[in-house]
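Report on the structure given below.
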Amino acid sequence: MAYLNISNVTLAFGGLKALSNVDMKIEPGLITSIIGPNGAGKTSMLNCISGFYHPTRGDIYYKEKKLTHASPHQVSNMGISRAFQNLELFSGLSVLDNLLLARHQNLKYSFLHAVLFYGKASRVEAENRAYVEGVIDFMELEAHRKSLVGNLSYGIQKKVEVARALTLGPDILLLDEPMAGMNQEEKEDIVRFVMDIQKERNITVVLVEHDLGVVMDISDIIYVLDFGEVIGSGTPEEIAQNSKVIEAYIGED
Amino acid sequence: MSYFFQIVVSGIVVGSIYALAALGLVLVYKSSRVANFAHGQIIAAGAFITYYLTVSIGVPVFFSFLASMIITFFLAMSVEKIFLRRLIGEPIISVIMVTIGLGSILDGLIYLTPFGSENFSFPVFLPQQPLSLGGVSISWTQLVGVIITFILIGGLSWFFKKSTIGISMRAVSDDQFASMSVGISVPRVFGLAWALAGLSAAAAGCIIGNITGLNFDTLHAFGIVVFPVIILGGLDSILGAVVAGIIIGLIQQFSSGYLDGNWGLSGTGEVMPYIILVVVLFFKPHGLFGIHEIERV
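As C-alpha cells, then:
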C-alpha cells in the first residue's frame, strides 16, 4: 500500500464534478506533482487531502489511517501540512511568531511547569525555539525574522507560508502553486528549496504547479488532471510523450 | 468638589461593569465576526440562576455565583453548538438574525417563569454601611462588584494572551484557514468563545443585580447598552472594551449628575451612550482600539 493512497475519489458540488474517480498514489520520499489547466481540479485535490473538502465518493488513506472525513486540524496533526496558494498568514504577527504559533499546538507541559517556567516548560520552549530558528535558517528568512508578515513582499510571504508548513514538522508537505506570481529569480529560489526539503529533510512533497518547465525538472512522479479526471501519470519522460497530455495542453492539430 | 469625586467613583463602578458585560460580545465578535443580540438575555439568565440557587435552594451566595458562571458557560456553549455551528460559512447577517431570534426565545422562556415580571433582590450578605473616604462614599456592593469585575477582566485577558487556547482564539480571529492548517480546531474555538462570553455575562448579571436589584427588563437592557461600549472600544479589542466601558460609565454619570434637572433636562444619562455611538460611527468608525481595515476594491 502506498504512503498516501487516493482511491476513486469523486468530489461533486451539486451537478458540477470537480473531481471524478481520481486515483493517486503518493510514495514516500518523492516529489509528486499535480499539473493541469486552470479549473482542472488540482487545488480541489489538495483540499480533499488536507480536509477542507470531503470527497463525495472514494477514500483517502494515509498509511493505515483513513483521512476521508478528517477535519483540517486533524490532518495537520497527523503530519500532513500545507502551504496555501493564496497567502493565509497571520499578517499582524512577525515571521518568528507565525512560525512559533505553528509549534504551539504541540506544547505539552502542565500549568505548574508553565507558571514556574522551570524543567519541562523551559526545555520544551527552548527546543521549539531552536526548531523554528532551524527552519528560518533553512528557508533563508533570517533577515526578516522580526518583520511583520503583512509588510513583507509577496515573494517573501510565499516563503513564510512554506516555512510555516515546514515548522509543523510534517511527513508530507502539500504545496499549492508556491511559484505563482513570482519572478524568475524567486522561482529558482523556491525550486531549490523544494528540492532541499525533499533531500535534506526527507519530506514527501506533493506539488501543484503551473510552470511546466519546473515540474518536468524536479518531479519524480507527475499526475495530469483535466476536467477533474486523471488523463496521464508517470515519470516526466512518460508524461512528455503522453499524447492525451499534449492534447490537453497544446490542443489538437 | 466631593460631589464631583462621587460622580467619578460611581462612573468607574458602572463603567467597569459595562466593560465586563461587553467582554462577552467582544469575545464572540473577535472569533466569529458575529454580533450577539441575545447577550442581554444571557446576562439576565446568569443573574436569575444565582438568585434561584441562593434563595430557593439555599446555596451560599458565593457558591451560587460560581455555579451560575459554570452553568452559563455550558449553556452558551450548547447554544453555539446547536444553533450557530451549522451556520458557519453562511452570511454574517443570517447569523445575526439567528441571535435576535434566540434573544426572543430566551425572552419568552424567562417570561414564563416568575422572574420575567417581578422585582427581586439578592439577600443582603455585605455590610450595609457604605465606606466613606474624604466625603466620597462607596457601598460595599459596589466595591466588591468592582473588585470581582477587575479580577475577571484581568483573568480573561491573561487567558487570552498567554494560554494555548487563548492564542488559538486569537489565531482564528486573524485567519481561519491558517489556523486550521496549523492544527487548530476552529469549531472548538467558536464554542469556547461563546462559553466564555456566557460566563462573563453571568458574572456581570450577578454584579448588576446585586447593585440595582433583579428586574428582567433592566438586566436584559444591558445587552443593548454594551453596544456603544464595544463600538467606542473598537469591537474586537478587550482593552478597548475596558477603556470604553469606563469612559461611557463616566460620561453617563456626569451627564445625569450635572445636566439632569437643569434647563428642563432629564434622563440624559440613558441617552448619552447612544449619542456617543452615533458620533463614534461618524468620526472614528473603527473605535479607539479597533483594527483599521483597509479593503482594496
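Chains as they are written, first to last, in numbering that gives the first Met the number 0: chain A, 0 to 252; chain B, 0 to 296. Using N, Cα and C, we set each Cβ at its ideal position, and we do this for glycine too.
As assigned by DSSP and simplified to three states, the class of residue i
i, result
"E228(A)", "strand"
"I99(B)", "helix"
"N118(B)", "coil"
"Y2(A)", "coil"
"K24(A)", "strand"
"Y52(A)", "coil"
"D58(A)", "strand"
"G233(A)", "strand"
"K64(A)", "strand"
"R81(A)", "strand"
"L151(B)", "helix"
"K175(A)", "First, the amino acid is wrong: residue 175(A) is Asp here, not Lys. Strand, per DSSP."
"I229(B)", "helix"
"I166(B)", "helix"
"S265(B)", "coil"
"S93(A)", "strand"
"L167(A)", "coil"
"L147(A)", "strand"
"K41(A)", "helix"
"G182(B)", "coil"
"L86(A)", "coil"
"K283(B)", "coil"
"R32(B)", "coil"
"S156(B)", "helix"
"S70(A)", "coil"
"L98(A)", "helix"
"I48(B)", "helix"
"E89(B)", "coil"
"G57(B)", "coil"
"T71(B)", "helix"
"N76(A)", "helix"
"E139(A)", "coil"
"I238(A)", "helix"
"D195(A)", "helix"
"F288(B)", "coil"
"N46(A)", "helix"
"G248(B)", "helix"
Beta-bridge pairing of residue i - partner residues as DSSP gives them
i, result
"A253(A)", "In the structure displayed, chain A extends from 0 to 252; residue 253(A) sits before or after that span and is not available."
"I33(A)", "V207(A) and Y222(A)"
"L130(B)", "I137(B)"
"L213(B)", "F119(B)"
Spatial neighbours of residue i in its chain, beta-carbon cut-off 7 Å, leaving aside the 5 residues before and after
i, result
"S30(B)", "M168, V171, S172, V188, F189 and A192"
"C205(B)", "G45, A46, T49, F64 and S67"
"Y273(B)", "P227"
"L280(B)", "I230"
"I247(B)", "G14, Y17, P227, V228, L231, P272 and I275"
Neighbourhood of residue i by C-beta, 8 Å cutoff - its chain only, sequence neighbours within 5 removed
i, result
"V25(B)", "I229, G232, L234, D235, S236, I237, G239 and A240"
"I59(A)", "L3, N4, I5, S6, V8, C47, I48, K65, L66 and T67"
"P122(B)", "T53, V54 and V60"
"G57(A)", "I5, S6, N7, V8, T9, N20, V21 and T67"
"Q156(A)", "L86, L88 and V148"
"I189(A)", "K157, K158, V161, P177, M178 and M181"
"M76(B)", "G190, L191, W193, A194 and G197"
"L213(B)", "A46, F47, Y50, F114, N118, F119, S120 and F121"
"R128(A)", "L99"
Residue i CB to nearest heavy atom of the ligand PLP below 8 Å
i, result
"S75(A)", "The ligand content of the structure shown is nil, which means the ligand PLP is not present either."
Beta-carbon contacts of residue i that lie in its chain and below 6 Å, excluding the five residues immediately before and after
i, result
"Q5(B)", "V135"
"D225(A)", "G35, A39 and A247"
"K145(A)", "S93"
"L99(A)", "V131"
"G227(A)", "K16, A17, L18, S19 and G40"
### Query
What residues from the region 84 to 95 of chain A come within 8 Å of chain B, judged by C-beta to C-beta, listed N to C?
Of all residues in the region 84 to 95 of chain A, the ones placed with a Cβ closer than 8 Å to any Cβ belonging to chain B are E87, L88, F89, S90, G91 and L92, in chain order.
### Task
Anything in the region 164 to 195 of chain B with a Cβ closer than 7 Å to a Cβ of chain A? List those residues in chain order, please.
Hits within the stretch, in order: I166, A170, D173, D174, F176, A177, M179, S180, V181, G182, I183 and S184.
#### Entry: contact_flag[the region 9 to 25 of chain A, the region 67 to 84 of chain A] where n(CB pairs < 8 Å) is 3 or more
Fewer than three Cβ pairs drawn from the region 9 to 25 of chain A and the region 67 to 84 of chain A lie within less than 8 Å of each other, which leaves the two stretches out of contact.
### Message
With three or more beta-carbon pairs closer than 8 Å as the criterion, would you say the region 66 to 76 of chain B touches the region 199 to 215 of chain B?
### Response
Flag = yes, the region 66 to 76 of chain B and the region 199 to 215 of chain B touch.
### Query
Can we say the region 220 to 229 of chain B touches the region 143 to 159 of chain B, given the rule of at least three CB pairs closer than 8 Å?
No, they do not touch.
### Task
Taking 8 Å as the threshold, find out whether the region 252 to 270 of chain B comes into contact with the region 85 to 92 of chain B through three or more Cβ pairs.
With fewer than three CB-CB distances shorter than 8 Å, the region 252 to 270 of chain B does not count as touching the region 85 to 92 of chain B.
### Contacting positions in the region 26 to 44 of chain A - beta carbon closer than 7 Å to chain B
If the cut-off is 7 Å between Cβ atoms, the region 26 to 44 of chain A has nothing near chain B.
### Query
Does the region 89 to 108 of chain B come within contact of the region 220 to 234 of chain A, defined as at least 3 CB pairs closer than 8 Å?
Short answer: they don't touch.
### Query
Counting pairs of beta carbons, one from the region 82 to 102 of chain A and one from the region 208 to 221 of chain A, are three or more of them closer than 8 Å?
No, the region 82 to 102 of chain A is not in contact with the region 208 to 221 of chain A.
### Against chain B: residues of the region 126 to 152 of chain A by CB proximity under 7 Å
If the cut-off is 7 Å between Cβ atoms, the region 126 to 152 of chain A has nothing near chain B.
### Query
With a cut-off of 8 Å, do at least 3 Cβ pairs link the region 112 to 120 of chain B to the region 236 to 246 of chain A?
No: the two stretches stay apart, fewer than three of their Cβ pairs being nearer than 8 Å.
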